[in-house]
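Quick notes on the structure that follows.
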Amino acid sequence: MPKDPEQFRATLLAYVETLRRTGRRSIRLWPGWRQALRSISIPRQEGISESLSAAQASLPQEAGPPQESIPNSLSRPSTGSPEPTDREERVRRLEALRQATAGCRRCAHLAGSRSQIVFGVGNPHARLLFTGEAPGAEEDRQGEPFVGPAGKLLTRMIQAMGLQREDVYIANILKCRPDLPPGTPGNRKPTPGEMETCLPYLREQIDIIRPEVIVALGATALEGLTGLRTGISTMRGTFLDFQGIPLLPTFHPSYLLYRPDLRLKRQVWEDLLLVMKRLNLPISERQRGFFLIPSQG
Numbered sequence: 000m001p002k003d004p005e006q007f008r009a010t011l012l013a014y015v016e017t018l019r020r021t022g023r024r025s026i027r028l029w030p031g032w033r034q035a036l037r038s039i040s041i042p043r044q045e046g047i048s049e050s051l052s053a054a055q056a057s058l059p060q061e062a063g064p065p066q067e068s069i070p071n072s073l074s075r076p077s078t079g080s081p082e083p084t085d086r087e088e089r090v091r092r093l094e095a096l097r098q099a100t101a102g103c104r105r106c107a108h109l110a111g112s113r114s115q116i117v118f119g120v121g122n123p124h125a126r127l128l129f130t131g132e133a134p135g136a137e138e139d140r141q142g143e144p145f146v147g148p149a150g151k152l153l154t155r156m157i158q159a160m161g162l163q164r165e166d167v168y169i170a171n172i173l174k175c176r177p178d179l180p181p182g183t184p185g186n187r188k189p190t191p192g193e194m195e196t197c198l199p200y201l202r203e204q205i206d207i208i209r210p211e212v213i214v215a216l217g218a219t220a221l222e223g224l225t226g227l228r229t230g231i232s233t234m235r236g237t238f239l240d241f242q243g244i245p246l247l248p249t250f251h252p253s254y255l256l257y258r259p260d261l262r263l264k265r266q267v268w269e270d271l272l273l274v275m276k277r278l279n280l281p282i283s284e285r286q287r288g289f290f291l292i293p294s295q296g
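So this is what it looks like as structure tokens:
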């Protein structure tokens, strides 16, 4: 928690605004925040001060993280916001969103089984955003998306584009690992209800970062973003639209690991070449020739 009152006030305002944009109707104030909130004055700013003043007035005396109501005027889903123009503003908003996500218990079964949320990583000014479906076991343990075998392959794909992992932003539709019965190995597909519940957080991330292109990795990510329930084979290679941003579906890296077929690798690389062209990234002749099927003649 920031020690400087002005910094704390700015952080708290960002936190409440983030909750409003993602449709949350309550906030969780930890004891240190409750104590600091009593000692600061809240400026009258676009209706936010009323919600914080109400929270101040209703602060309980007992210890523990209570939930404070947000008035209905602040609980409507986001309808869009001005694009942040500097890095500090984007970082501040992403951190406020991370804090809001960390306290989320909308899916009680997921919140009860997760080790931690897997928020997302990367450049807050990224021109390119990759999104998968949900964290796996290793992601749940480390708190970072795409760090297992599929993540290592994704990193190599990004590097083949002439970029580094730190240049892009990587996230998932779900911030929690889908739960499985104890002792059950592997992963399960998120349910439509789970994706619908968690999608506002990803929408807000995209709203903050404003990438120029989004790549949906796999059919589940495509379904979570667009509601389309169709195979990637029929959708890849064609740009769709997500909140005014070009969205390109392609195969998930784990699918390439499961089916190490040169033709599939070439199809994914053709999709990434389309992304590079859309972003006006340089494309060398060597890059154009990656994973081409050898001539039989």
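Using numbering that gives the first Met the number 0, read the sequence shown as starting at 0 and increasing by one per residue. Note that CB positions come from ideal geometry on N, CA and C, so glycine has one too.
Residues near residue i in its chain [Cβ-Cβ closer than 7 Å; skip 5 each side]
i, result
"residue 220", "130, 131, 132, 172"
"residue 230", "218"
"residue 201", "130, 170, 172"
"residue 101", "116"
"residue 179", "187"
"residue 113", "139, 175, 176"
"residue 210", "125, 126, 127, 128, 168, 244"
"residue 265", "290, 291, 292"
"residue 269", "236"
Neighbourhood of residue i by C-beta distance below 8 Å, restricted to the same chain and skipping five residues each side
i, result
"residue 124", "86, 89, 208"
"residue 110", "103, 104, 175"
"residue 222", "191, 194, 228"
"residue 257", "none"
N-terminal and C-terminal residue of the alpha helix (DSSP H) that residue i is part of
i, result
"residue 90", "86-101"
"residue 139", "136-141"
"residue 111", "107-112"
"residue 271", "261-277"
"residue 256", "252-257"
Own chain residues within Cβ distance below 6 Å of residue i, not counting five before or after
i, result
"residue 267", "249, 250"
"residue 159", "none"
"residue 164", "154, 157"
"residue 288", "none"
Exposed unless 16 or more other CB atoms sit within 10 angstroms - verdict on residue i
i, result
"residue 322", "The chain is shown only over 0 to 296; residue 322 falls outside these bounds and no answer can be derived."
"residue 174", "buried"
"residue 93", "buried"
"residue 126", "buried"
"residue 59", "For residue 59, the pLDDT reaches just 37, beneath the cut-off of 50, and the residue's location in the model is therefore unreliable, leaving the point undetermined."
"residue 283", "exposed"
"residue 157", "buried"
"residue 232", "exposed"
"residue 91", "buried"
Inter-residue Cα distance where the pair is residue i and residue j
i, j, result
"residue 204", "residue 105", "18 Å"
"residue 240", "residue 225", "9 Å"
"residue 144", "residue 162", "18 Å"
"residue 234", "residue 147", "26 Å"
"residue 186", "residue 276", "34 Å"
"residue 259", "residue 181", "31 Å"
"residue 278", "residue 152", "22 Å"
"residue 155", "residue 166", "13 Å"
"residue 195", "residue 149", "24 Å"
"residue 281", "residue 199", "34 Å"
"residue 237", "residue 137", "32 Å"
"residue 247", "residue 216", "9 Å"
"residue 212", "residue 273", "10 Å"
"residue 142", "residue 134", "9 Å"
"residue 285", "residue 119", "31 Å"
"residue 291", "residue 98", "45 Å"
"residue 293", "residue 121", "36 Å"
"residue 255", "residue 96", "32 Å"
"residue 108", "residue 262", "40 Å"
"residue 197", "residue 271", "27 Å"
"residue 183", "residue 252", "23 Å"
Limits of the unbroken beta strand (DSSP E) element including residue i
i, result
"residue 229", "It is not in any beta strand (DSSP E) - residue 229 carries neither H nor E in the DSSP assignment."
"residue 205", "Where residue 205 is concerned, there is no enclosing beta strand (DSSP E), although the alpha helix (DSSP H) it sits in stretches over 191-208."
"residue 157", "Premise fails: residue 157 lies in the alpha helix (DSSP H), 148-159, not in any beta strand (DSSP E)."
Those residues which DSSP pairs with residue i across a bridge
i, result
"residue 289", "Bridge partners of residue 289: none, in fact."
"residue 244", "241"
"residue 213", "128, 246"
"residue 169", "120, 129"
Beta carbon proximity, residue i to chain C, threshold 8 Å
i, result
"residue 202", "This model lacks chain C altogether; it includes just one protein chain."
Residue i Cβ short of 7 Å to the ligand ZN heavy atom set
i, result
"residue 105", "With respect to the ligand ZN, the structure shown offers nothing to examine, as it has no ligands at all."
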